[in-house]
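S.K.: Going by UniProt numbering, the first residue of the sequence shown is number 1, and it counts up by one from there. Even glycine gets a Cβ: it sits at the ideal position worked out from N, Cα and C. What follows is a structure written as C-alpha cells; I'll ask about it next.
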Amino acid sequence: MSNARFSEPPKKHLGQNFLHERTVIDRIVQAVNPKPGERLVEIGPGQGAITFPLLDRHGRLTVIEFDRDLIAPLTEAARSHGELTVIHRDVLKVDFSELARDTPDGRIRLVGNLPYNLSSPILFHALDHAAAISDMTFMLQKEVVERMAAGPGSKVYGRLSVMLQAYCTVTPLFTVPPGAFRPPPKVDSAVVRLVPRPADSIGIDDPATFARVVRDAFGQRRKTLRNALSQVCDSAAIEAAGIRPDARAEQIAVADFVRLANSLPH
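Right under this line is the structure:
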C-alpha cells in the first residue's frame, strides 16, 4: 500500500471532523511547543493535520487511531516527516501509564482533536493516569471547554468541572470556528490545556469516595445536598465540613467537595 492516500470520507459514527485550517494548526503546534526528549502522544490523528506539523517540529510522535482505514495512509505520509508509532486501538483501552514508563521523566504529553461524542470519557480516562501525564492540549466542543473551566455559581459548572479542576489546572486557550473543519461541525470548538497537579497538592484522601460525592451531588441538580447525598452522608456530616446542607451542588467550590469527601469514612 505504498501509494495509500486519505481517500475515505470522515465517518459520522466515529465523530470525525478533520481539521484543515492552517492558522489553527499552527496555533495548536505553538501551544504544544514540544521540547527534545519528551514523548508526545496524539489521540485521533485523523488525516494528520496536527500530526505532520508536530512530527516536523519534534521528529517523533506516537498516535492512537481507532479507524483502520487511516492507519496505512498515516504511516505512509509520515515517512517524510519523522518517526511515527501508530497504536491501532480504542483510546479508552490504552494504558497511558504504560506509554510513559520508558520516558526520561516517566510522563507523556497528550494532544488531540477529540471526537465530540467521546470527549468526556477520554478526559476521565486521562484523569485515571494523571500521574503519568505532564500536560494535555485538546480541542473539543467550545461548550465542553466552558464546562471544564467553569467556577461555582456558573450555569455550566458541574461534575466535569469539579473532577477536572480537582486534579488539573484547566486553561482555555482559543476558540476555533466550524469552517476550520471538514465537514464543518454545527458548533464552535476550543483548544484547552490541562496540567495535572502534583500529587502532593491534590489533597484527596480517597479518589473513589470523592468521585462518588461529586457524582451524587450533581446527579439531580435541583436537589439540595442534603437530599442528593442522602446515600453517602447525612446533614450533620455536610455541616461538619463547613457546607450548608440546603445548598445545591453548583454553589459548592472544588475545595469544599474535597473537604467533605475527606471527612467521610472510606
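If you draw a straight line from the alpha carbon of I28 to that of D90, how long is it in whole angstroms?
M.R.: 23 Å
S.K.: What whole-angstrom Cβ distance do G44 and R60 have, given they're in contact under 8 Å?
M.R.: 18 Å between Cβ atoms; not a contact.
S.K.: In its own chain, which residues sit with a C-beta less than 6 Å from the C-beta of P170, not counting the 5 before and 5 after it?
M.R.: Going by the sequence as given, residue 170 is Val instead of Pro. Correct list, in chain order: M148, A149, L164, L194.
S.K.: Determine the direct distance from the alpha carbon of M139 to that of V232, and round the result to whole angstroms.
M.R.: 35 Å
S.K.: Taking A253 as the reference, give the member of V145, R159, V187, R57 with the closest Cα.
M.R.: R159
S.K.: For R159, report the span of its alpha helix (DSSP H) as first-last.
M.R.: 159-167
S.K.: Which runs of the beta strand (DSSP E) spanning at least 3 residues fall entirely within the segment 52-98, listed in chain order?
M.R.: 60-64, 83-87
S.K.: Could you check which residue in K93, R39, D135 has the C-alpha nearest to that of L122?
M.R.: Going by the sequence as given, residue 122 is Ile instead of Leu. Considering only alpha carbons, the answer is K93.
S.K.: If the criterion is Cβ atoms closer than 7 Å, does the pair residue 339 and T137 meet it?
M.R.: Only positions 1 to 266 of the chain appear in the structure, and residue 339 is not among them; the question remains open.
S.K.: The alpha helix (DSSP H) with T137 in it runs from where to where?
M.R.: Looking at the DSSP string, T137 is not in any alpha helix (DSSP H); the run it does join, the beta strand (DSSP E), is 133-141.
S.K.: Looking only at C-alpha atoms, which of L19, E239, A240 sits nearest to F52?
M.R.: Of the candidates L19, E239, A240, the one whose C-alpha sits nearest the C-alpha of F52 is L19.
S.K.: Quick one: residues in its chain with C-beta nearer than 7 Å to the C-beta of A228, no 5 flanking neighbours on either side, listed in chain order?
M.R.: Correct list, in chain order: D216, A217, G219, Q220, A249.
S.K.: Determine the direct distance from the alpha carbon of R68 to that of F124, and round the result to whole angstroms.
M.R.: 25 Å
S.K.: Under 7 Å, do V192 and P172 count as touching if we go by C-beta distance?
M.R.: yes
S.K.: Please classify E65: is it buried, with 16 or more other beta-carbons within 10 angstroms of its beta-carbon, or exposed?
M.R.: buried
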